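Everything below concerns the one structure shown next.
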């Protein structure tokens with residue numbers, strides 16, 4: 011197999027693989043032909059590795075989507091010639107199991123107003139320039155708070 015193919019399959023940039031081959035630091039045996047082409051003699055993937063398909067949806071209502079996702083992933087992996095040894099599925103957020111608990115509701119309202127003010131200031135600065143952005147954002151928040159109260 012050519013060095014560029016080996017690099018693409020193993021997630022290494024071609025120049026990095028070429029440098030490794032030139033310095034003799036390749037993790038697999040390589041040889042250089044008289045024309046200068048580098049050929050990789052070893053296997054590109056460990057034969058003893060396991061292939062695990064991981065699929066996740068965020069809500070229980072999306073369970074049918076999860077089944078279709080598993081079928082697509084397994085089909086794609088077997089299409090690459092790799093046997094799937096295990097399928098792991100998860101219903102729920104795969105990023106973080108923790109939930110933020112708000113202790114003081116008034117504090118969250120203040121944070122929300124501050125965040126909205128920052129966003130409005132940024133947008134006003136883009137539309138009207140930097141100088142009047144804070145005043146325009148403050149007026150917009152005041153109008154919004156006045157409409158919400160009245």
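Residue numbers (the numbering used here): 11 to 160.
Where is the CB? At the ideal position from N, CA and C, for every residue including glycine.
Just so you know, these numbers come straight off a predicted model, no measurement behind them.
Collapsing the DSSP output to three states places residue 69 in coil.
Of all alpha-carbon atoms in 74, 132 and 43, the one lying nearest the alpha-carbon of residue 11 is that of 43.
Between residue 72 and residue 21, the alpha-carbon positions lie close to 33 Å from each other.
Comparing C-alpha distances from residue 24 to each of 70, 32, 30 and 14 shows the shortest one belongs to 14.
The stretch 89-105 makes contact with the stretch 59-78, as at least three CB pairs between them are under 8 Å. Within 10 angstroms of the beta-carbon of residue 26 lie fewer than 16 other beta-carbons, which makes it exposed. In this structure, DSSP gives residue 80 a helical state, which the three-state scheme calls helix. For residue 49, there is no enclosing alpha helix (DSSP H); the enclosing beta strand (DSSP E) covers residues 48-50. One thing to note: residue 88 has its Cβ no nearer than 9 Å to the Cβ of residue 60. Distance from residue 51 to residue 39 at the Cβ level is roughly 4 Å; contact confirmed, criterion being Cβ atoms closer than 8 Å. Its Cα nearest to that of residue 81, the residue 63 stands out among 63, 130 and 70. A Cβ-Cβ contact shorter than 9 Å links residue 41 with residue 48. Residue 45 and residue 16 have their alpha carbons spaced roughly 19 Å apart. Here residue 136 carries a helix assignment [DSSP, helix/strand/coil].
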